[in-house]
Amino acid sequence: MKTAKETWETAKGALQVQVSKANFDTWLKDTVGISHQGNQFVIGTPSAFAKEWLEKRLHSLVTKVLISLVGHEVEVQFQVCPDQDSVWQGQNHSQSKLPPPVGNPRHTFENFVVGGSNRLAYAAALGISEEPGRQYNPLFIHGGSGLGKTHLSHAIGNEASENGFKVVYTGSEQFTNEFISSIRERRTEEFRSKFRNADILVIEDIQFLVGKPQTQETLFHTFNELHDTNRQLVITSDRPPKAMTTLESSLCSRLECGLIAQVEAPDLETRLAILHARAEEQQVVIDEAVFDFIAQRCQRNVRELEGALTALIADAKMAQQRPTLELAQEALRDMPSDNLGPYATTPASILKAVADHFQISLESLKGRKRDNRLAMARQIAIYLVREKTNCPLQDIGKLLGGRDHSTILRGYHRIAGVVSTDPAVQRNLHQIVANLPM
Ligand code: ADP
Ligand code: MG
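Okay, so the sequence shown: first residue is 74 according to my numbering, each after it adds one.
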């Protein structure tokens, strides 16, 4: 009997010839088969946006294809499981004698759009691919989902291999799985030598090691071995090392000893530049107003930004029409807007929850008047919006009555600086978060 994963891979093969390449690459390629029990078939999608899109547009086709494969009725369910990065998981270096793949060839430095939100990470990544082990070791890139961590990791791999360096990639889940099976199969030596021979070791999404002390310890040793011989480590995570609560402190301090670079949500200018670049790649002419509309709708996640553009282009092709503003509005109508967000925790809902908690009006939260209570409420609002959403500083400033980005950053640091020590602040945060819509 085939596993859900295998069945779904076969189904993807069948679907690939039935949908456009753009749609396949955007919506289906990174999905995974999660489970198949009775009539229920669960498919994991990389984002809420992709889940919505698949439910809306491909549910019946997917069902049909699966029924023909398994030979009985199936009820298809899509489920968000972010960071199931197929590029990584599909690879199994230990069984292949070929040089390890260098990641998605589309993920290069050339087609990475640089802006204030990612400049440091980009520059560091580029430096590393030219001179690994020389400057910052490790490079620790963190930031929310869909903000370019994997793109930069692959760009390092692509560029560095071209420069003749040996790059080994792994996702932290794959690292864990291989570690466990190497113990079971008594191949730990092989496991270790695979990593030891790398010029550059990239481990993605290390947040998954939280709560796995044994794997952390192995990583710690691998890390030391490589670091001591000046080999380069690149680590990505959805949060900074300090925020990974159960990380062994020895590992945590190792991770912090190089350069920590955050990728943030791109500002409007960067979002527009990304849309332009993608449209150009696909050789589609699109009006500025349309770009603007999409860039406003998708603020927090580049994957969704690109997905929205792809959806529009697909719709325009289907309708044999130019991608007009009307079509864009239509195409994105039922997509979760960033002002609704995948989990409905949005800047707006946070501001409202903060205002309610402090029993003040939204106007006074956004206003200019200052007293202790208002100042505290504003700082907490800033802190929570920044922590809970990918909203860029500039946009937080706009939401809070047109404050500038340095004011917002100051407000953020006021709270961030005391959050682990000030019980009153903790209590406030706790109560507000408890009341946020999920
Ligand atoms: P993460 O690993 O942080 O979740 P990814 O690297 O997978 O995010 O990025 C999601 C998508 O957005 C990818 O298709 C990637 O190519 C694209 N992307 C992200 N940031 C940029 C950027 N600055 N310029 C161009 N494309 C980007
Ligand atoms: Mg990633």
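Backbone N, C-alpha and C fix where the C-beta goes; we use that ideal spot for every residue, glycine too.
Please read all numbers here as calculations on a predicted model, not as lab measurements.
Enclosing beta strand (DSSP E) for residue i [first to last residue]
| i | result |
| --- | --- |
| Y195 | Where Y195 is concerned, there is no enclosing beta strand (DSSP E), although the alpha helix (DSSP H) it sits in stretches over R192 to E203. |
| T243 | V240 to G244 |
| I333 | L332 to Q335 |
Cβ neighbours of residue i in the same chain (closer than 6 Å, five flanking residues each side left out)
| i | result |
| --- | --- |
| L282 | S245, T288 and Q289 |
| P314 | C325, L328 and E329 |
| L435 | A428 |
| S202 | I229, E232 and A233 |
| P261 | Reading the sequence as shown, one finds Thr at residue 261 and not Pro. Result list for T261: S255, in chain order. |
| S159 | Per-residue confidence for S159 stands at a pLDDT of 32, beneath the threshold of 50, marking its modelled position as unreliable; the derived number appears in the next sentence. Within the same chain, S159 has close Cβ partners D103. |
| A87 | V138 |
| N96 | A387 |
First through last residue of the alpha helix (DSSP H) which encompasses residue i
| i | result |
| --- | --- |
| G470 | L466 to L472 |
| D365 | E361 to R370 |
| H503 | P496 to A507 |
| P445 | This sequence places Asn at residue 445; Pro is not what is there. N445 -> alpha helix (DSSP H) spans N445 to K461. |
| H132 | H132 to V143 |
| V92 | Note, V92: premise wrong, no alpha helix (DSSP H); not H, not E. |
| P420 | P420 to H430 |
| M317 | First-last for M317: undefined, no H or E at that position. |
| Q402 | L398 to L405 |
| I229 | K222 to E235 |
| M391 | V375 to M391 |
| T343 | L341 to E354 |
Alpha-carbon to alpha-carbon, residue j and residue i
| i | j | result |
| --- | --- | --- |
| L306 | P211 | 5 Å |
| A84 | V138 | 6 Å |
| G230 | K94 | 25 Å |
| S323 | F293 | 8 Å |
| W100 | R476 | 38 Å |
| H180 | A228 | 5 Å |
| G216 | K442 | 33 Å |
| L341 | E263 | 47 Å |
| I253 | L274 | 19 Å |
| N191 | L348 | 16 Å |
| D301 | L320 | 21 Å |
| L424 | G144 | 51 Å |
| Q89 | R406 | 26 Å |
| N303 | G106 | 39 Å |
| S266 | M74 | 34 Å |
| E128 | E79 | 21 Å |
| Q372 | I386 | 19 Å |
| L447 | S437 | 8 Å |
| K471 | Q393 | 38 Å |
| A450 | P339 | 26 Å |
| R269 | T243 | 13 Å |
| N445 | A352 | 49 Å |
| S32 | F364 | As shown, the chain starts at 74 and ends at 511. That puts residue 32 outside it, with no answer to give. |
| Q432 | I505 | 12 Å |
| R259 | T291 | 15 Å |
| Q356 | R257 | 51 Å |
| G284 | K124 | 28 Å |
| T223 | E277 | 7 Å |
Beta-bridge pairing of residue i - partner residues as DSSP gives them
| i | result |
| --- | --- |
| V149 | F114 |
| Q305 | I273 |
| S310 | H215 |
| V105 | G117 |
7 Å CB neighbourhood of residue i in its chain, flanking five on each side removed
| i | result |
| --- | --- |
| L466 | H478, I481 and L482 |
| K439 | L473 and G474 |
| Y195 | F185, V187 and L225 |
| R487 | Q452 |
| G219 | S120, N374, V375, R376 and E377 |
| L413 | Note that L413 scores 40 on pLDDT, short of 50, meaning its location in the model is unreliable; the coordinates nonetheless yield the value given after this. Correct list, in chain order: T419. |
| R459 | I469 and Y485 |
Cβ shell of residue i (< 8 Å), same chain only, five flanking positions each side left out
| i | result |
| --- | --- |
| N508 | A426, D429 and H430 |
| N297 | R327 |
| P415 | The pLDDT assigned to P415 is 39, lower than 50, so where the model puts this residue is not dependable; a value taken from the coordinates is nonetheless given after this. These residues qualify, in order along the chain: S120, A121, F122, V153 and P409. |
| Q280 | S245, S310, D311, R312 and M317 |
| Q18 | Shown here, the chain extends from 74 to 511; a query on residue 18 therefore has no answer. |
| Q91 | L134 and V138 |
| Q150 | Q113, F114, V115 and I116 |
| V492 | Y456, V498, Q499 and L502 |
| D388 | P396, L400, E403 and A404 |
| E146 | N112 and I140 |
| K170 | Only weak support exists for where K170 lies, its pLDDT of 33 falling under 50; the coordinates are left without a value. |
| A271 | K239, V240, V241, L299 and R304 |
Within-7 Å CB hit, residue i to chain C
| i | result |
| --- | --- |
| F238 | Chain labels in this structure do not include chain C; a single protein chain is all it has. |
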